[in-house]
Ligand code: DC
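Numbering (my numbering), first residue to last: 8 to 227.
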């Protein structure tokens, strides 16, 4: 049987990444931040100044990306800071509409599924990439809370940010991600929807670990 998967999907800045990596640590599972793969393709698309669909798919297929304890490497170059910029995030949501690129990333994402298990975060983990995931969570938070969290993150990193522009940018990305034809951002029908607006990171992570333990307990 394949290794178990916990899929955590949700809109931009819903806290998926922080929560998913925390849950993975708690359970000793591997972690896939699928958005980072889209962001790396976006960075390459900006560097080459191309939005050609075939080229984007080829880049997704061939790029030498690796993850090293939170650091993202492209061959030997550390690109973590670059891929986390708002510019690259917006471009990622644009290139993510391209079906051939999504197809090219499928196998790569599925290769992260290894024992003892995987926590994967993104937009279509529970609907497309791991439809047989044992636990699917759709993590949301109000648009204001998400913009505020993203603002705080950027300021803490010493990056200049504007709350209103961030809010607008988030709304545009949400709309693009939810409306695209292929693998749009929608909760899987069998997902647990969790609104984190009024919860701390620890509370959200604990709730997901609790759900996981309940499922495991139910099966054995
Ligand atoms: O999670 P993130 O904000 O780093 O993702 C950046 C963009 O990549 C997001 O706006 C849409 C796209 N994406 C996607 O289409 N499917 C995923 N599984 C993850 C990200």
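All C-beta atoms in this analysis are idealised placements derived from N, C-alpha and C, irrespective of residue type, glycine included.
Would you check if there are 3 or more beta carbon pairs closer than 8 Å linking the region 97-117 to the region 63-72?
In short, these stretches touch, since the Cβ pair count reaches three.
Here's the rule: buried if 16 or more other CB atoms are within 10 angstroms of the residue's CB, otherwise exposed. What is residue 75?
Within the chain shown, residue 75 is the residue found at index 68, counting from 1. The residue in question, residue 75, is exposed, as its Cβ has fewer than 16 Cβ neighbours within 10 Å.
Tell me the rounded alpha-carbon separation between residue 90 and residue 220.
The residue given as residue 90 occupies position 83 in the chain shown. The residue given as residue 220 occupies position 213 in the chain shown. When rounded, the distance between both Cα atoms is 34 Å.
Relative to the ligand DC, is the shortest distance from any of its heavy atoms to the C-beta of residue 130 smaller than 7 Å?
The count along the chain shown starts at 1 and reaches residue 130 at position 123. Result yes, Cβ under 7 Å from the ligand DC.
Rounded to a whole number of angstroms, what is the C-alpha to C-alpha distance between residue 216 and residue 13?
Walking along the chain shown from the start, residue 216 turns up at place 209. Walking along the chain shown from the start, residue 13 turns up at place 6. Taking the straight line joining both Cα atoms gives about 10 Å.
Taking the beta carbon of residue 166 as the centre, do at least 16 other beta carbons fall within 10 Å, making it buried, or is it exposed?
Counting from 1 along the chain shown, the entry for residue 166 is found at position 159. Its Cβ having fewer than 16 others within 10 Å, residue 166 is exposed.
Can you check which of these residues, 56, 52, 16, is closest to residue 39 by C-alpha distance?
What you label residue 39 is simply residue 32 of the chain shown in a count that begins at 1. Out of 56, 52, 16, 16 has the C-alpha closest to the C-alpha of residue 39.
Is the beta carbon of residue 146 closer than 8 Å to that of residue 32?
Translated into the one-based positions of the chain shown, residue 32 becomes position 25. Translated into the one-based positions of the chain shown, residue 146 becomes position 139. Not a contact, by the Cβ cut-off of 8 Å.
Relative to the alpha-carbon of residue 48, which residue among 115, 37, 214 has its alpha-carbon at the smallest distance?
Stepping through the chain shown from its first residue, residue 48 is reached at position 41. Out of 115, 37, 214, 115 has the C-alpha closest to the C-alpha of residue 48.
Residue from 59, 125, 70, 202 with nearest C-alpha to residue 29
Taking the first residue of the chain shown as position 1, residue 29 is located at position 22. Ranking 59, 125, 70, 202 by Cα distance to residue 29 puts 125 first.
So what does DSSP say about residue 206, is it helix, strand or coil?
Locating residue 206 in the chain shown gives position 199, where the first residue counts as 1. The answer is coil: DSSP assigns residue 206 none of H, G, I, E or B.
Per DSSP, residue 85 is paired with what?
Here residue 85 is taken as the residue at index 78 of the chain shown, counted from 1. Bridge pairing for residue 85: 80 [DSSP].
Nearest CA to the CA of residue 141: which residue from 197, 119, 186?
Locating residue 141 in the chain shown gives position 134, counting from the first residue. Comparing Cα positions, the closest option is 197.
Could you tell me if the beta carbon of residue 120 falls within a distance shorter than 7 Å of some heavy atom in the ligand DC?
Residue numbering aside, residue 120 sits at position 113 when the chain shown is read from its first letter. Look at residue 120: its beta carbon is at least 7 Å from all of the heavy atoms in the ligand DC.
With a CB to CB cut of under 6 Å and the five nearest residues on each side skipped, what residues in its chain are close to residue 227?
By 1-based counting over the chain shown, the position of residue 227 is 220. Low confidence applies here, because residue 227 scores a pLDDT of 41, under 50, leaving its location unreliable; read the following figure in that light. Within the same chain, residue 227 has no close Cβ partners at all.
Between the region 169-176 and the region 122-139, do three or more beta carbon pairs fall short of 8 Å?
Inter-segment contact for the region 169-176 and the region 122-139 is absent: fewer than three beta-carbon pairs are separated by less than 8 Å.
Quick one: give me the first and last residue of the beta strand (DSSP E) that residue 16 is part of.
Numbered from 1 along the chain shown, position 9 holds the residue referred to as residue 16. Residue 16 -> beta strand (DSSP E) spans 12-16.
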